[in-house]
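Quick note: the sequence shown, position 167, residue 150 per the numbering used here, numbers continuous. A virtual CB, placed ideally from N, CA and C, is assigned to each residue, including glycine.
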Amino acid sequence: MTTIASNLQAVRDAIAAAAAGAGRQANEISLLAVSKTFAPDALREAYRAGQTCFAESYVQEALDKIAALQDLPIAWHYIGPIQSNKTRTIAENFAWVHSVDRLKIAERLSEQRPAHLPALQVCLQVNISLEASKSGVAPNEVGALAHAIAKLPNLKLRGLMAVPAPSNDVTAQRLPFARLRRLRDQLNQQGLQLDTLSMGMSHDFAAAIAEGATMVRIGTAIFGDRIYQKA
Ligand SMILES: *Cc1c(COP(=O)(O)O)cnc(C)c1O
């Protein structure tokens, strides 16, 4: 087995263990491989080991990989910051976007989604730890934004996403994930139908699964440490 294949197996086993510990079925949780900074060959290796959903954070880098891997039936997820001038590219090339946090951006994605493609699957990014530097809609503004986005014709609002402030303590890690779950439950009580909680990364996915994550976004534990090129 290659390193990526064995890492993937270890992550799948850890997801299954976390699910079992929380009284959940492992198949309620989908694994999104976060492949930013890694070359197409690494994604190919993960694909050969059974991984079909990949997430990217930078538009141009993602486009290059989508082109290099167009022979594979990959579901591409966008999880990075969204600038207005990139919405068309995102709407044309991805199946999912997890990082929507403004109505203006959602409206552009809906307008620019090509008619021949199914609705763009969308999660709202919530600034769940209320960090000044973080992107994401404030928790008290999620309701208004979610109801507005749910009306857009070419988007399908699936749920909420968050990147909480890092913590090494599992009990502390669970608190923001629990807050995100309660926000999702409140929205569903108000008539929305959100089935997705996109939460949990390499260092905290067990805590996220304990609090109801349905999609975990994992990079380092699959591909190894990221090395960023100096600009
Ligand atoms: C990079 C990234 C991840 C993956 O993080 P790891 O710690 O490498 O698992 C998940 N979510 C988002 C939004 C990211 O930018």
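Distance CB(residue i)-CB(residue j) smaller than 8 Å
| i | j | result |
| --- | --- | --- |
| L170 | G119 | no |
| S18 | F188 | no |
| L135 | E194 | no |
| R164 | L140 | no |
| Y61 | F77 | yes |
| I(-13) | A51 | no |
| I210 | S185 | no |
| S67 | I88 | yes |
| E75 | P101 | no |
| A9 | A2 | yes |
| L227 | L103 | The structure shown does not extend to residue 227, since the chain is modelled only from -16 to 214, so the question has no answer here. |
| I192 | I12 | yes |
| Q156 | A121 | no |
| Q43 | T70 | no |
| K48 | L14 | no |
| E114 | A148 | yes |
| S112 | P159 | yes |
| G142 | D168 | no |
Where the alpha helix (DSSP H) containing residue i begins and where it ends
| i | result |
| --- | --- |
| K48 | 42 to 51 |
| H60 | Counting along the chain, H60 falls outside any alpha helix (DSSP H), though it belongs to the beta strand (DSSP E) covering 58 to 61. |
| Q(-8) | -14 to 4 |
| Q95 | 86 to 95 |
| I205 | 203 to 206 |
| L128 | 125 to 132 |
| N76 | 70 to 76 |
| I192 | 188 to 193 |
Residues bridged to residue i [DSSP beta-bridge criterion]
| i | result |
| --- | --- |
| L100 | Its beta-bridge partners do not exist; DSSP assigns none. |
| G33 | Note: G33 sits in no beta bridge, so no partner. |
| S181 | M144, M198 |
| S289 | For residue 289 there is no data in the structure shown, the boundaries of the chain being -16 and 214. |
| Q172 | Per DSSP, none; premise fails for Q172. |
| Q108 | M144 |
| E39 | Y61 |
| V297 | Here the chain covers residues -16 to 214 and nothing more, so residue 297 does not appear. |
Unbroken beta strand (DSSP E) run spanning residue i, endpoints
| i | result |
| --- | --- |
| G142 | 138 to 144 |
| H81 | 79 to 83 |
Closer than 7 Å: residue i CB and nearest ligand 3 heavy atom
| i | result |
| --- | --- |
| G142 | The ligand content of the structure shown is limited to ligand 1, which means ligand 3 is not among them. |
Short CB-CB distance (under 8 Å) between residue i and chain B
| i | result |
| --- | --- |
| P136 | Annotation note: the requested chain B is absent from the structure, which comprises a single protein chain. |
(message) Taking contact to mean 3 or more Cβ pairs, one atom from each stretch, closer than 8 Å, check whether the stretch 80 to 89 and the stretch 105 to 116 are in contact.
(response) yes
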